[in-house]
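Using the numbering used here, count along the sequence shown one by one with no gaps and you end on 184. Idealized CB from N, CA, C, for every residue including glycine. What you are looking at is a predicted structure, and each value in this text was computed from that prediction instead of being measured.
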Amino acid sequence: EGPHRGQVVYFGGDHPDTILVGRDPESRAVKDSTKFALSEDDSASTLHAKLVINSKRNVHSVRVSDMSSSNGTFINGNSLPKGKGRQAFVGDKIKVGESLLQIRKA
79 EGPHRGQVVY
89 FGGDHPDTIL
99 VGRDPESRAV
109 KDSTKFALSE
119 DDSASTLHAK
129 LVINSKRNVH
139 SVRVSDMSSS
149 NGTFINGNSL
159 PKGKGRQAFV
169 GDKIKVGESL
179 LQIRKA
């Protein structure tokens with residue numbers, strides 16, 4: 079949902095374990111991370127959220143952290159405190175600006 083509807087980003091396994099999400103995540107240097115630019119989403123902050131995969135013991139989850147964004151980061155409609163994070167699981171929906179991302183198993 080949102081201006082980037084249908085885009086897919088893979089991570090974990092052969093892909094990086096960290097994804098930075100925002101209007102211009104390239105502006106921040108974070109070692110071993112993938113940048114997912116929401117350049118057409120004016121409601122997303124320059125660096126809005128960080129997603130870190132956790133696939134230990136066959137429990138696939140993603141640690142979603144709000145990077146002190148202007149409009150907040152939401153998991154299944156619940157707001158994350160600015161600068162804080164929590165776990166999200168397969169099927170959960172993450173709202174960043176006007177864009178809705180869904181966690182899916184590859």
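Considering only the beta carbon of each residue, do residue i and residue j sit closer than 9 Å?
i: Leu116; j: Pro159; result: no
i: Ser128; j: Gly163; result: Going by the sequence as given, residue 128 is Lys instead of Ser. Yes, the pair counts as a contact, with Cβ atoms nearer than the cut-off.
i: Gly155; j: Ser123; result: no
Please name the residue in the options whose C-alpha comes closest to that of residue i.
i: Ile172; options: Asp120, Ile153, Ile131 and Lys183; result: Ile153
Among the residues of its own chain, which have a CB less than 7 Å from the CB of residue i, if the five just before and after it don't count?
i: Ser121; result: Asn149, Gly175 and Glu176
i: Arg182; result: Val168
i: Ser146; result: Lys160 and Gly161
With a CB to CB cut of under 8 Å and the five nearest residues on each side skipped, what residues in its chain are close to residue i?
i: Asp144; result: His126, Ala127, Gly150, Thr151, Leu158, Pro159, Lys160, Gly161, Lys162 and Gly163
Taking the straight line between their C-alpha atoms, what separation do you get for residue i and residue j?
i: Gln165; j: Asp102; result: 24 Å
i: Val188; j: Ile97; result: Because residue 188 is not part of the residues shown, which for the chain are 79 to 184, the question remains open.
Excluding sequence positions up to five away, which residues of its chain have a Cβ less than 6 Å from the Cβ of residue i?
i: Gln180; result: Lys171
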